[in-house]
Structure formats: C-alpha cells, structure tokens
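Structure record follows, encoded as structure tokens.
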Amino acid sequence: MNKLFFLLFIPVFAFSQSSLEEVESFIQKKQYIKVEKILIEFLEDHPNNLKAIEYLGDVYGHQKDWNNSIKQYKKLIDANENNANYHYKYGGVLGMKALENKIKAVGFIGDVKSSFLKAAELDPNHIEARWALVELFMQLPGIIGGSKSKSFKYADELEKLSKVDGYLAKGYIYEYDDEPELAEKYYKMAIKEGGSLICFEKLTSLYENENKPEKAIVNIEEAHKKHQRNALHYQIGKVAAEYNIQLEKGEKCLKTYLENYTEKDGVPKAWAHYRLAQIHLHRSNKTEALKHIDLAINELPKIEPFKEQKEKILQF
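The sequence shown begins at 61 in our numbering and counts up by one.
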C-alpha cells in the first residue's frame, strides 16, 4: 500500500487569504516546516477552516508525522462525515502508521478498512479509495479479512471508471498472487489502452522480478519510443548492469543519460556512475570501474552500495 498512500498529500490550493499565498511554493520546494508554521498560525485565527486543517494534515503526512496527521483528518471527519476524501486520507495515514509498527498493526486494520470502504461508498467515482482496497485486501491475511475475490470486486469497479486503472489493478492482483503470465497480460492491456509511463514501469518491474531482463530492456525501449524521456536511458543501463547483459547498450545509454541530465530526470548522476562502474567490472576493466565509482562516491559519499561496490572493485 505504501506507494498509494503518498497520493494523499497532493495539494490543491484554494485559499484566498494573503497569509497562505506562499504555501504552495513551500510545499513544492518540500519546505514543510515553513508550511506547518504558516498553517498553525492561520488556524489560531481560523480554527474551523477545513481546507487549512486538511493542508496541515497533508504537511504532517509529508513529514511522516502520522499521529498529528491522523488528528487533523479526524477533525475533518468530525466536521463533515460525508466527505469521501477525508475518510480516504484518514485511512491512509492510519495504514502508514500500521506499516511502521507491525506489532500494533492489527489494531489499526479495522479502522483502515472501514475508512477506505466508507470513502468508496460515499463517492462511487473515487479511484484512489478503490486502489487502496485492491491492495489492502490482497495484502491482508485471510484470518483478518484478506480476500482475493474482494480485491477483484474493486478492480472491476476501477475498470468501469478507468480501463487503465482496472487493468493495472488486475495485473497487480495476479502479480501479487504469483501468476506472472496473467499479470503480464493485464499490464500489456494497460499499455495498449493508455500507454503511460506507469503502465510501462509496471511491466518492466514484473520482468525484473521474474528474472527476464531481456524483456525488461525491450519494454523500456518501447516506452522510450513513446515518451522520449532521458530517465529511460538510465533504466536500460541499470538493467544491463544488474544482470550483466547487453553491456555495450547499457554503457551507451548511461553516457547518454549523463550527457542530457537535468534534475527532472530524478535519479542523481552518481547512480549512473555506479552503474557504469558495475558494467566495467563485468568487463574486468578495473581502472574505468574505479574512476566511475569514485565519481559516484564524491557526489553521494554516504550511499552504502557505492562503498560496497568500491570494495568489490579493489578486491578484483
């Protein structure tokens, strides 16, 4: 469920008060402490402003302060129990708290489930709540309410709202249930229907998990033909380096990634140098491997895999 819960904290700003004009830019810059201060001060004068309360809950969520986030979303539900999104966000942060404390998790599950179910009941078009229920029912043990058939129920509802989401949800269910051929079928259906990067990423991840790197590379190349994203050059290089295949292509793609790198590509350049170090070690080229791993460490000196890779190279 982890990847879905951070959809909770996508802000939609509608304040007219001048004191909150800076909130959006601060959140985009991940300056959550500044935003928190602005919202707390605003709420001292406007304690019943539901939008401000919601944003404060979102900001606490970004900071993984689940207890305070839960308090804010509970205020929203108490103020308006018929708002689907309030129930969805409340269930989401409860779920995140449960993931961090497995011992106490069972005590939260009932409230997580009822919150998502309430959100889905209140809003028949609430896609995120249905996604959460698909994942929740697959991940829960049967003894506390897990059910593949219930997951499919909400996957079917998703498919009626959005074919792509429905196909991805069914692909997820089959992948989770160790039925890779059916998962592949539905991920390919999602690619054909929508073709977003997320669709391609799901299929790539499946191929990697099933130890099919050649298929993964072909799929990434198809994604690049459609989307022309520099980040996909890194993904090809990553697969080549990890699985010791198509090393020439992997090296070329990583060099292209470095040449065209911008911050929006997401993966720091250090990781591309780390992958190049792996490729050169596969080729027994110790000098080039050391050059690239040193570049990686100089940029991000605290990353343990970089240090471990250097030890491998030195011991070669």
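Idealized CB from N, CA, C, for every residue including glycine.
Since the model is a prediction, treat every value here as computed from it, not as a measurement.
Cutting at 7 Å between CB atoms, please list the residues of its own chain near residue i, excluding the five before and the five after it.
i, result
"lysine 346", "Ile373 and Phe376"
"glutamate 104", "none"
"lysine 208", "Met198, Ile233 and Asp237"
"glycine 204", "The sequence given here places isoleucine at residue 204; glycine does not occur at that position. Excluding residues within five positions, the ones whose Cβ falls inside 7 Å are Val166 and Ile169."
"lysine 298", "Arg335"
If you reduce the DSSP assignment to three classes, tell me which class residue i lands in.
i, result
"glutamate 364", "helix"
"glutamine 338", "helix"
"histidine 106", "coil"
"histidine 186", "coil"
"glutamine 132", "helix"
"glutamate 239", "coil"
"isoleucine 305", "coil"
"asparagine 127", "helix"
"threonine 322", "coil"
"asparagine 142", "coil"
"lysine 272", "coil"
Measure from the alpha carbon of residue i to the alpha carbon of each residue in the options, then state which is nearest.
i, options, result
"alanine 301", "Pro361, Ile363, Glu217 and Glu268", "Glu268"
"lysine 134", "His122, Glu364, Lys149 and Asp125", "Lys149"
"lysine 286", "Leu263, Ile251 and Ile353", "Ile251"
"lysine 90", "His106, Asn109, Gly121 and Glu217", "Gly121"
"isoleucine 169", "Asn271, Ile100 and Leu154", "Leu154"
"phenylalanine 212", "Glu244, Glu195 and Lys124", "Glu195"
"valine 278", "Lys248, Gly254 and Tyr146", "Lys248"
"alanine 215", "Gln295, Gly226 and Leu221", "Gly226"
For residue i, does the count of other Cβ atoms within 10 angstroms reach 16, so buried, or fall short, so exposed?
i, result
"threonine 322", "exposed"
"glutamine 288", "exposed"
"proline 273", "buried"
"asparagine 142", "exposed"
"isoleucine 93", "exposed"
"lysine 344", "The question names lysine, yet the displayed sequence has serine at residue 344. It counts as exposed."
"alanine 337", "buried"
"glycine 117", "buried"
Cutting at 8 Å between CB atoms, please list the residues of its own chain near residue i, excluding the five before and the five after it.
i, result
"phenylalanine 366", "Ala330, Tyr334, Ile353, Ala356, Ile357 and Leu360"
"leucine 257", "Ala283, His287 and Arg289"
Could you name the residues of the same chain whose beta carbon sits closer than 6 Å to that of residue i, not counting the 5 residues immediately before and after it, in chain order?
i, result
"glutamine 77", "Reliability fails at glutamine 77, whose pLDDT of 49 lies under 50, so the model's placement of it is uncertain and the value that follows must be treated cautiously. Within the same chain, glutamine 77 has no close Cβ partners at all."
"lysine 362", "none"
"tyrosine 303", "Pro273"
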